[in-house]
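Residue numbers (my numbering): 811 to 918.
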């Protein structure tokens with residue numbers, strides 16, 4: 811008998827993979843712009859945090875001791891925190907890029 815996993819688990823895994831790829835691409839872009847200190851660490855922390863929160867949500871989903879709603883709250887909290895983190899870091903990167911371009915320090 812094969813186990814069929816609910817759609818939320820597969821969505822969680824695919825979103826996590828997508829966010830991890832986006833964070834790695836962002837780190838590579840930031841390293842090419844030589845802005846690698848704060849932002850790359852921030853993006854990696856968010857990606858790892860997302861993986862941990864999704865793992866907790868999946869574990870809670872299949873646990874018989876915890877109700878189903880608990881895993882959905884973990885999943886929602888993890889995804890919202892990650893999207894908020896990406897939005898904030900994207901705005902910071904945009905502001906920093908504009909400031910660097912205005913000062914003439916940004917290499918084309």
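Virtual Cβ for every residue (Gly too), placed ideally from N, Cα, C.
What number of angstroms, rounded off, separates the C-alpha of residue i from the C-alpha of residue j?
i	j	result
residue 898	residue 883	22 Å
residue 891	residue 834	18 Å
residue 913	residue 838	23 Å
residue 904	residue 828	21 Å
residue 885	residue 894	14 Å
residue 896	residue 858	13 Å
Apart from the five residues just before and just after residue i, which ones in its own chain have a Cβ nearer than 6 Å to its Cβ?
i	result
residue 832	none
Starting from the C-beta of residue i, find all residues in its chain whose C-beta is less than 8 Å away, skip the five residues before and the five after it, and write them out in chain order.
i	result
residue 908	none
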